[in-house]
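Residues 1 to 324 in full-length UniProt numbering are what the sequence shown lists, from first letter to last.
Glycine included, each C-beta is placed from N, C-alpha and C at the ideal position.
The structure under discussion appears below in the form of structure tokens.
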Amino acid sequence: MTEKIKKIRTAINGVLLLNKPLGISSTQALGRAKWLIGALKAGHTGTLDPLADGLLPLCFGHATKLAHDLLDADKTYEARVVLGQTTTTGDVEGEVIASSDAVITRAQWDVIIPQFLGDILQTPPMYSALKKDGKPLYEYARAGIEVEREARAVRILNLETVSFDYPHVVMSVTCSKGTYIRTLAQDMGDALGVGAHLSGLRRTAVAHLQLADALTLEQLEAIPESDRIATLLPLDALLQDAPAVYLPHALAARFVQGQRLALKDVHDLNQDVVEGVTLRIYWQDSGQHAGQITSQQPPVLLGLATQTRGVLSPQTVLMTVLPE
């Protein structure tokens, strides 16, 4: 009986929105959730440091094939900043290496915000996992070695002040992939002439996914084991921003074999299919195929594709045969 249950539970496909706690790595959080769900295959959609908490979307089964889009997605954070102190690491873990007695007003803070909106350049911090000659930067930093780093272009889409009570500032930041919030806080402090560091960081959104909809590990554990799978979102929860294309049975059978399709053969498109844009591909069972009449079934997500010159090309295929 145990083996049978295990086999059934390993074939799990879906997305869990986890509220990762402080003090554990993303990999540790994934391992715990994977064990609680009973899944065989799992992955996350972007690392949260142990000192950060908040939204960590976890992918199980076929959803792992779709995780790459969220890795590249814009993310929103609530950052708690301490002005007037610079640390070695850019956060509370580091030693204070510079302090300022100056008092910054809210008006002074508001003045600098526009210069950090839009496309900006950031120099990655020494205490980061980026590699130089195959070695993580934090290893050089721990050895007291400063290495040259190239500034990188990132984008700050939104920056709002949630609260200001000098020296403590809370801000909400929506940013592109690769943005270091520690560096942003420090650069803003430097622009004010007083320095700054992060005292806390919480991820509140990944693309359209929201922290408000996430579960903690404790909440997941409190749910009866047989009901935990019901907490998973469907595969296409990751893809709400991608236009949908629905295929009849004959074309769907070709798609899952990796074959390219002529867009002109796909009828009843409810929107223009833009060239190069990632598309969600569904099998929409019409209720009749292979000479048999069946009941109408909900659309089945088959994978992702792009359209170029009127040809639909599979990019990610989630199954090799259509479900019966």
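Nearest-angstrom Cβ-Cβ length linking residue 256 and residue 319, presumed shorter than 8 Å
Numbered from 1 along the sequence shown, position 256 holds the residue referred to as residue 256. Numbered from 1 along the sequence shown, position 319 holds the residue referred to as residue 319. Contact flag correct, Cβ pair sits at about 6 Å.
Please report how far the alpha carbon of residue 273 lies from the alpha carbon of residue 307, in whole angstroms.
Taking the first residue of the sequence shown as position 1, residue 273 is located at position 273. Taking the first residue of the sequence shown as position 1, residue 307 is located at position 307. The straight-line gap from Cα to Cα measures roughly 7 Å.
Assuming residue 181 and residue 173 are in contact, meaning their beta carbons sit under 8 Å apart, how far apart are those beta carbons, in whole angstroms?
In the sequence shown, residue 181 corresponds to position 181, counting from 1. In the sequence shown, residue 173 corresponds to position 173, counting from 1. For a cut-off of 8 Å, the C-beta gap from residue 181 to residue 173 is around 6 Å, short enough to register as a contact.
Mind reading off the beta-carbon distance from residue 66 to residue 247? Whole number of angstroms is fine, and I expect it under 8 Å.
Sequence index remark: in the sequence shown, residue 66 carries index 66 (1-based). Sequence index remark: in the sequence shown, residue 247 carries index 247 (1-based). Approximately 18 Å separates the beta-carbon atoms of residue 66 and residue 247; this is outside 8 Å, ruling out the contact.
Leaving out the 5 sequence neighbours to the left and right, which residues in its chain are closer than 7 Å to residue 263 when beta-carbon positions are compared?
Translated into positions along the sequence shown, residue 263 becomes position 263. Cβ neighbours of residue 263 beyond the five flanking positions: 273, 307, 310, 311, 312.
In whole angstroms, give me the CA-to-CA distance for residue 280 and residue 301.
By 1-based counting over the sequence shown, the position of residue 280 is 280. By 1-based counting over the sequence shown, the position of residue 301 is 301. Distance between the alpha carbons of residue 280 and residue 301 is about 7 Å.
Below 8 Å between beta carbons: does that hold for residue 33 and residue 55?
The sequence position of residue 33 within the sequence shown is 33, counting from 1. The sequence position of residue 55 within the sequence shown is 55, counting from 1. No.
In whole angstroms, what separates the C-alpha of residue 197 from that of residue 60?
Taking the sequence shown and counting its residues from 1, one reaches residue 197 at position 197. Taking the sequence shown and counting its residues from 1, one reaches residue 60 at position 60. Per the coordinates, the alpha-carbon of residue 197 lies some 36 Å from the alpha-carbon of residue 60.
Following the continuous beta strand (DSSP E) through residue 212, name the residue where it begins and the one where it ends.
As a working note, residue 212 is residue 212 in the sequence shown. Segment: none, residue 212 is in no beta strand (DSSP E) and carries neither H nor E.
In the DSSP assignment, find the unbroken alpha helix (DSSP H) run with residue 36 in it and report its ends.
Here residue 36 refers to the residue found at position 36 of the sequence shown. It spans 26-37 - the alpha helix (DSSP H) in which residue 36 sits, taken as one unbroken run.
The region 82-102 contacting the region 150-159, beta-carbon criterion three pairs below 8 Å
The region 82-102 vs the region 150-159: no contact.
Just curious, the alpha helix (DSSP H) that residue 140 is in, first and last residue?
What you label residue 140 is simply residue 140 of the sequence shown in a count that begins at 1. Unbroken alpha helix (DSSP H) run through residue 140: 137-142.
Residue 219 in three-state terms, based on DSSP:
Counting from 1 along the sequence shown, the entry for residue 219 is found at position 219. In this structure, residue 219 counts as helix in the three-state DSSP scheme.
For residue 149, name the three-state secondary structure that DSSP assigns.
Residue mapping note: residue 149 aligns to position 149 of the sequence shown, counting from 1. Reduced to three states, the DSSP call for residue 149 is coil.
So for residue 177, helix, strand or coil by DSSP?
Counting from 1 along the sequence shown, the entry for residue 177 is found at position 177. Coil.
Between the Cα of residue 259 and those of 46, 206, 20, 303, spot the shortest distance and give me the residue it belongs to.
Along the sequence shown, one-based indexing puts residue 259 at 259. Distances from the alpha-carbon of residue 259 to those of 46, 206, 20, 303 put 303 closest.
In three-state terms, what does DSSP make of residue 81?
As a working note, residue 81 is residue 81 in the sequence shown. DSSP places residue 81 in strand when its eight states are reduced to three.
Straight-line CA distance for residue 167 to residue 50?
Your numbering for residue 167 matches position 167 in the sequence shown. Your numbering for residue 50 matches position 50 in the sequence shown. Each residue's Cα considered, the two are about 24 Å apart.
DSSP three-state label for residue 309, please.
The sequence position of residue 309 within the sequence shown is 309, counting from 1. Coil.
Leaving out five residues before and five after residue 146 in sequence, what residues of the same chain have Cβ atoms less than 7 Å from its Cβ?
Stepping through the sequence shown from its first residue, residue 146 is reached at position 146. Excluding positions up to five away in sequence, the list reads 126.
Sorted by chain position, which residues of the same chain lie with C-beta nearer than 8 Å to residue 97's C-beta, five sequence neighbours on each side aside?
Position 97 of the sequence shown holds residue 97. Taken in chain order, the residues that qualify are 86, 87, 88.
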